[in-house]
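**Student:** The structure under discussion is supplied below as structure tokens; questions concerning it will follow.
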Amino acid sequence: MTTLEQLSEAVGAGKAKDAKALTQRALDEGARPGDIVDKALVPAMAEVGERFKRNEIFVPEMLIAARAMKEAMNLLEPHLVAAGITPKYTAVIGTVQGDLHDIGKNLVVVMWKGANFRVVDLGTNVPPAKFVSAIQEHRPQLVGLSALLTTTMPAMVETVRIIRTSGCPPVKVMVGGAPITQQFANEIGADGYAADAGSAVDKARALVGAA
Amino acid sequence: MNRQFYLDLAAAGLRMPIGTHLILHGHADPQTIALDGRRLGAVVLETAERFGTPLAFPLMDLTLEKTALLLACGVPEAEVDAHHFTVAPPAPERILLTPRMRASCEAIAHVATRPDVVPIGMAIGPFSLTTKLMADPITPVYLAGMGLSAGEDPEVALLERLLSLSELIVHRYLRAQIEAGARAVIICEPAANLVYLSPKQLSTNPALFERIVMEPMQRITRMLAASGVDLIFHDCGELTTDMVRRFATLGAAILSFGSSRRLWEDAALVPKDTILYGNLPTKRFCASELTPGEVERLAQELVEKMQTAGHPFILGSECDVLSVPGKETEILGKVDAFMRCAYYV
Numbered sequence: 003m004t005t006l007e008q009l010s011e012a013v014g015a016g017k018a019k020d021a022k023a024l025t026q027r028a029l030d031e032g033a034r035p036g037d038i039v040d041k042a043l044v045p046a047m048a049e050v051g052e053r054f055k056r057n058e059i060f061v062p063e064m065l066i067a068a069r070a071m072k073e074a075m076n077l078l079e080p081h082l083v084a085a086g087i088t089p090k091y092t093a094v095i096g097t098v099q100g101d102l103h104d105i106g107k108n109l110v111v112v113m114w115k116g117a118n119f120r121v122v123d124l125g126t127n128v129p130p131a132k133f134v135s136a137i138q139e140h141r142p143q144l145v146g147l148s149a150l151l152t153t154t155m156p157a158m159v160e161t162v163r164i165i166r167t168s169g170c171p172p173v174k175v176m177v178g179g180a181p182i183t184q185q186f187a188n189e190i191g192a193d194g195y196a197a198d199a200g201s202a203v204d205k206a207r208a209l210v211g212a213a
Numbered sequence: 004m005n006r007q008f009y010l011d012l013a014a015a016g017l018r019m020p021i022g023t024h025l026i027l028h029g030h031a032d033p034q035t036i037a038l039d040g041r042r043l044g045a046v047v048l049e050t051a052e053r054f055g056t057p058l059a060f061p062l063m064d065l066t067l068e069k070t071a072l073l074l075a076c077g078v079p080e081a082e083v084d085a086h087h088f089t090v091a092p093p094a095p096e097r098i099l100l101t102p103r104m105r106a107s108c109e110a111i112a113h114v115a116t117r118p119d120v121v122p123i124g125m126a127i128g129p130f131s132l133t134t135k136l137m138a139d140p141i142t143p144v145y146l147a148g149m150g151l152s153a154g155e156d157p158e159v160a161l162l163e164r165l166l167s168l169s170e171l172i173v174h175r176y177l178r179a180q181i182e183a184g185a186r187a188v189i190i191c192e193p194a195a196n197l198v199y200l201s202p203k204q205l206s207t208n209p210a211l212f213e214r215i216v217m218e219p220m221q222r223i224t225r226m227l228a229a230s231g232v233d234l235i236f237h238d239c240g241e242l243t244t245d246m247v248r249r250f251a252t253l254g255a256a257i258l259s260f261g262s263s264r265r266l267w268e269d270a271a272l273v274p275k276d277t278i279l280y281g282n283l284p285t286k287r288f289c290a291s292e293l294t295p296g297e298v299e300r301l302a303q304e305l306v307e308k309m310q311t312a313g314h315p316f317i318l319g320s321e322c323d324v325l326s327v328p329g330k331e332t333e334i335l336g337k338v339d340a341f342m343r344c345a346y347y348v
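Sequences listed follow chains G and C, in order. So the first sequence is numbered by the working numbering: it starts at 3 and just counts up by one. So the second sequence is numbered by the working numbering: it starts at 4 and just counts up by one.
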């Protein structure tokens, strides 16, 4: 098994210390940082997403895998920056105004980062104006809106409306969260809906044209 | 209270939502009422009367204990909502009840003046409260499940410390509600689910679930039993069958689960003197595709399946039914749809 294959396996198993050591070994062996991301880390997280969709693993295993990937990325990022390598796609994400829940949103962040998106996480209780401001600043291809509470669904409606009418650069809007349905997404003019963090990656890639 | 009381309610075909939020927000000034114990108590009674039940469920608010604990730990009030602990705080010298908590206790006292209704208190479960105190509660839970101890991992140490503090504030608030006259309490433990606790990990290490969910709940159960107060246990999270099996051992008068559970199958796991309550998908009641007719059909189907299962059952909501601005009439219409179903059975 090559070092990159071992690294991929360590990330998938959530072995953070192994992931860090194997990343260092790959660098020492002369692997290019971009290749380590593309050939080990991204495939590992893609496999994690697939196993999650098949109910073979659950949210905690996903987070542990992401933690291992983060250890690897901490080592790689200075090299990536030095080489001028940046993710091709950018996404802005946040939980809508009035809603303080972030577990679902955080999982999507994890999986999008795992798919090599640059993710700007605005946090929770995000007012529409902050989404607009972030779109203007970061020029993302994708915006993700999350809501856990039925009581904050109207805030999601308002956020989509304001993004659409604010004159900010064109952007795909994706929504999700426990009370959200495909029909609701259609009704409010969102471009996409994902039922869980695993399928959020597929939908995001399709929306930005990466699929 | 005599367990037969609840069994008789189920046998009489009681159906009811947990609907205090819905009724409260039909008033012009819900925020003001929530801080006024007497008026809040009147709304609780209005809700019980509106839905024809002697069970006076309180306003379900899972933020109260977090607020009280953080204020006691010296976190500024303006930062309470978004605050998460990164290092273990010392135990506060004393925990004061917040104005919202005091209003809830006064509401219970107001309800308790009525002999024909059961004043019910409420608290978040210790594990669920703990998850609200950490930015990422899932990872330390998993690490603890891997066998890492507090001495070995700072995240596990934080988890255990916060769980202990959570239990402290929950007991404090429960005692206040019991002193106010609560004869039953609903403990809401929605985070004890397969998002926070991996079934894959629990299959090899079930002791984790016992230690961080069941043991704190068992201590609450003993405290309630010593006070002659009934337990209503609520968990609307996605559960495994093993989790249901464990919750069934709590000796609750009523078990309330989310709509992901098939109650007619869970009936086999639950003692015959424990009512199963629920579990219509009320979190989706604001979705237009779920029509009142479909709600009525789901209710009918559930009632029939529970009758076939032969288990004491009260038809109701999977959680508290929240009032959504602009959707109030639609949601109430769907609640009325399942309430109507009662008369067809």
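All residues carry an ideal CB built from backbone N, CA and C; glycine is no exception.
By alpha-carbon positions, which one of C/Leu17, C/Ala15, C/His24, C/Met4 ends up nearest to C/Asp323?
**Tutor:** Working through the second sequence from its first residue, we reach residue 323 of chain C at position 320. Of the candidates C/Leu17, C/Ala15, C/His24, C/Met4, the one whose C-alpha sits nearest the C-alpha of C/Asp323 is C/His24.
**Student:** List the residues that DSSP assigns as beta-bridge partners of C/Asn282.
**Tutor:** Here residue 282 of chain C corresponds to residue number 279 of the second sequence, with the count starting at 1. Beta-bridge pairing links C/Asn282 to C/Gly319.
**Student:** Which runs of the beta strand (DSSP E) fall wholly inside the region 61-134 of chain C and span at least 3 residues, in chain order?
**Tutor:** Segments of the beta strand (DSSP E) lying fully in the region 61-134 of chain C: 121-127.
**Student:** If we count Cβ pairs, one from each stretch, closer than 8 Å, do we get three or more for the region 96-107 of chain G versus the region 66-80 of chain G?
**Tutor:** They do not touch, by the three-pair rule.
**Student:** At the level of alpha carbons, what is the spacing between C/Gln310 and C/Gln303?
**Tutor:** Counting from 1 along the second sequence, the entry for residue 310 of chain C is found at position 307. Counting from 1 along the second sequence, the entry for residue 303 of chain C is found at position 300. Spanning the two alpha carbons is a distance of roughly 11 Å.
**Student:** Is G/Asn108 buried or exposed, if buried means 16 or more other CB atoms sit within 10 Å of its CB?
**Tutor:** Position 106 of the first sequence holds residue 108 of chain G. Buried, because 16 or more other Cβ atoms sit within 10 Å of the Cβ of G/Asn108.
**Student:** For G/Glu63, which residues in chain C fall below 9 Å Cβ to Cβ?
**Tutor:** Here residue 63 of chain G corresponds to residue number 61 of the first sequence, with the count starting at 1. Within 9 Å Cβ-Cβ: Tyr145, Ser201, Lys203, Gln204.
**Student:** In chain order, what residues of the same chain have a beta carbon less than 7 Å from the beta carbon of C/Arg164, not counting five sequence neighbours either side?
**Tutor:** Position 161 of the second sequence, counted from the start, is the residue given in the question as residue 164 of chain C. The residues are Ala91.
**Student:** For G/Thr97, write down the residues that DSSP places opposite it in a beta bridge.
**Tutor:** Along the first sequence, read from residue 1 onward, the residue named residue 97 of chain G stands at position 95. Per DSSP, G/Ser148.
**Student:** Along chain G, in chain order, which residues have C-beta atoms closer than 8 Å to that of C/Cys289?
**Tutor:** Locating residue 289 of chain C in the second sequence gives position 286, where the first residue counts as 1. What C/Cys289 touches in chain G: Thr152, Met155, Pro181.
**Student:** Measuring CA to CA, which of G/Val203, G/Gly211, G/Ala212 is closest to G/Glu52?
**Tutor:** Numbered from 1 along the first sequence, position 50 holds the residue referred to as residue 52 of chain G. Of G/Val203, G/Gly211, G/Ala212, the residue nearest in Cα terms is G/Val203.
**Student:** Is it buried or exposed, C/Ala340, if we count other Cβ atoms within 10 angstroms and call 16 or more buried?
**Tutor:** The sequence position of residue 340 of chain C within the second sequence is 337, counting from 1. Under this definition C/Ala340 is a buried residue.
**Student:** Express the C-alpha separation of C/Gly319 and C/Leu335 in angstroms, rounding to a whole number.
**Tutor:** Taking the first residue of the second sequence as 1, we reach residue 335 of chain C at position 332. Taking the first residue of the second sequence as 1, we reach residue 319 of chain C at position 316. For C/Leu335 and C/Gly319, the distance between alpha carbons rounds to 13 Å.
**Student:** Buried or exposed for G/Gly200, please, with buried defined as at least 16 other CB atoms from any protein chain shown within 10 angstroms of its CB.
**Tutor:** Start at 1 with the first residue of the first sequence, and residue 200 of chain G comes out as number 198. With 16 or more Cβ atoms within 10 Å of its Cβ, G/Gly200 is classed as buried.
**Student:** Under 9 Å between the Cβ atoms of C/Glu258 and C/Lys308?
**Tutor:** Looking up residue 258 of chain C in the second sequence gives position 255. Looking up residue 308 of chain C in the second sequence gives position 305. Residue 258 of chain C is actually Leu in this sequence, not Glu. Result no, Cβ atoms of C/Leu258 and C/Lys308 do not sit closer than 9 Å.
**Student:** Can you list the residues of chain G that C/Ile2 reaches, using a CB-CB cut of under 8 Å?
**Tutor:** It is not possible to answer for residue 2 of chain C, since the shown part of chain C is limited to 4 through 348.
**Student:** Is C/Val348 buried or exposed, if buried means 16 or more other CB atoms sit within 10 Å of its CB?
**Tutor:** On the second sequence, residue 348 of chain C is found 345 positions in, with the first residue counted as 1. Note that C/Val348 has pLDDT 44, beneath the 50 cutoff, so the model's placement of it is unreliable and the number below is only indicative. C/Val348 comes out exposed.
**Student:** Between which residues of its own chain and C/Ala185 is the CB-CB distance below 7 Å, once the five residues before and five after are set aside?
**Tutor:** Taking the first residue of the second sequence as 1, we reach residue 185 of chain C at position 182. Correct list, in chain order: Ile111, Pro122, Ile123, Gly124, Val232.
**Student:** In the DSSP assignment, find the beta strand (DSSP E) that holds C/His24 and state where it starts and stops.
**Tutor:** Counting from 1 along the second sequence, the entry for residue 24 of chain C is found at position 21. Counting along the chain, C/His24 falls outside any beta strand (DSSP E), though it belongs to the alpha helix (DSSP H) covering 23-27.
**Student:** Pick helix, strand or coil for G/Glu11, following the three-state DSSP scheme.
**Tutor:** Indexing the first sequence from 1 puts residue 11 of chain G at position 9. The answer is helix: DSSP assigns G/Glu11 an H, G or I state.
**Student:** Counting only Cβ pairs nearer than 8 Å, list the residues of chain C close to G/Gln185.
**Tutor:** The residue you call residue 185 of chain G lines up with position 183 of the first sequence. Correct list: Ala290, Ser291, Glu292.
**Student:** In three-state terms, what does DSSP make of C/Ala187?
**Tutor:** The sequence position of residue 187 of chain C within the second sequence is 184, counting from 1. Looking at C/Ala187 - three-state DSSP - the assignment turns out to be strand.
**Student:** Classify C/Lys330: buried if its beta carbon has 16 or more other beta carbons within 10 angstroms, exposed otherwise.
**Tutor:** Within the second sequence, residue 330 of chain C is the residue found at index 327, counting from 1. Label assigned to C/Lys330: buried.
**Student:** Are the CB atoms of G/Met155 and C/Cys289 within a distance shorter than 9 Å?
**Tutor:** Residue 289 of chain C sits at position 286 when you count from the first residue of the second sequence. Residue 155 of chain G sits at position 153 when you count from the first residue of the first sequence. Yes. Within cutoff.
**Student:** Below 8 Å between beta carbons is the criterion; list the residues of the region 71-86 of chain C that meet it against any residue of chain G, in chain order.
**Tutor:** Taking 8 Å as the Cβ-Cβ cut-off against chain G, the residues of the region 71-86 of chain C that qualify are Asp84, Ala85.
**Student:** For C/Asp11, name the three-state secondary structure that DSSP assigns.
**Tutor:** Taking the first residue of the second sequence as position 1, residue 11 of chain C is located at position 8. DSSP places C/Asp11 in helix when its eight states are reduced to three.
**Student:** Which residue comes first and which comes last in the alpha helix (DSSP H) that contains G/Asp204?
**Tutor:** The residue given as residue 204 of chain G occupies position 202 in the first sequence. Where G/Asp204 is concerned, the enclosing alpha helix (DSSP H) stretches over 199-210.
**Student:** What separation, rounded to the nearest whole angstrom, lies between the Cα atoms of C/Asn5 and C/Ala228?
**Tutor:** As a position in the second sequence, residue 5 of chain C is number 2, starting the count at 1. As a position in the second sequence, residue 228 of chain C is number 225, starting the count at 1. Approximately 12 Å between the Cα atoms of the pair.
**Student:** Below 8 Å on C-beta distance, what does C/Val327 contact in chain G?
**Tutor:** Taking the second sequence and counting its residues from 1, the one referred to as residue 327 of chain C is at position 324. Near C/Val327 (Cβ distances below 8 Å), the residues of chain G are Thr152, Thr153, Met155, Pro156.
**Student:** Do G/Leu9 and G/Ala21 have their CB atoms nearer than 9 Å?
**Tutor:** For the purposes of this step, residue 9 of chain G is taken as residue 7 along the first sequence, with counting starting at 1. For the purposes of this step, residue 21 of chain G is taken as residue 19 along the first sequence, with counting starting at 1. For G/Leu9 and G/Ala21, yes; Cβs fall inside 9 Å.
**Student:** Mapping DSSP to helix, strand and coil, what is G/Phe133?
**Tutor:** Here residue 133 of chain G corresponds to residue number 131 of the first sequence, with the count starting at 1. Correct three-state label for G/Phe133: helix.
**Student:** I'd like the list of long-range same chain contacts for G/Ile190, defined as Cβ closer than 6 Å, with 5 residues on each side in sequence excluded.
**Tutor:** The sequence position of residue 190 of chain G within the first sequence is 188, counting from 1. Correct list, in chain order: Val159, Val162.
**Student:** Give the straight-line distance between the Cα atoms of G/Pro45 and C/Pro33, rounded to the nearest whole angstrom.
**Tutor:** By 1-based counting over the first sequence, the position of residue 45 of chain G is 43. By 1-based counting over the second sequence, the position of residue 33 of chain C is 30. Cα-Cα distance, rounded: 51 Å.
**Student:** Checking the sheet assignment: what are the DSSP bridge partners for C/Phe236?
**Tutor:** Residue mapping note: residue 236 of chain C aligns to position 233 of the second sequence, counting from 1. Bridge partners of C/Phe236: C/Ile190, C/Leu258.
**Student:** So which residues on chain G does C/Lys337 lean against when the C-beta distance must stay under 7 Å?
**Tutor:** Here residue 337 of chain C refers to the residue found at position 334 when the second sequence is read from its first residue. Those do not exist, as C/Lys337 stays about 12 Å from chain G at its closest Cβ, beyond 7 Å.
**Student:** Taking C-alpha atoms, which residue in C/Ile223, C/Arg214, C/Ala15, C/Ser263 lies nearest to C/Asp238?
**Tutor:** Along the second sequence, one-based indexing puts residue 238 of chain C at 235. Checked all of C/Ile223, C/Arg214, C/Ala15, C/Ser263; the closest Cα to C/Asp238 is C/Ser263.
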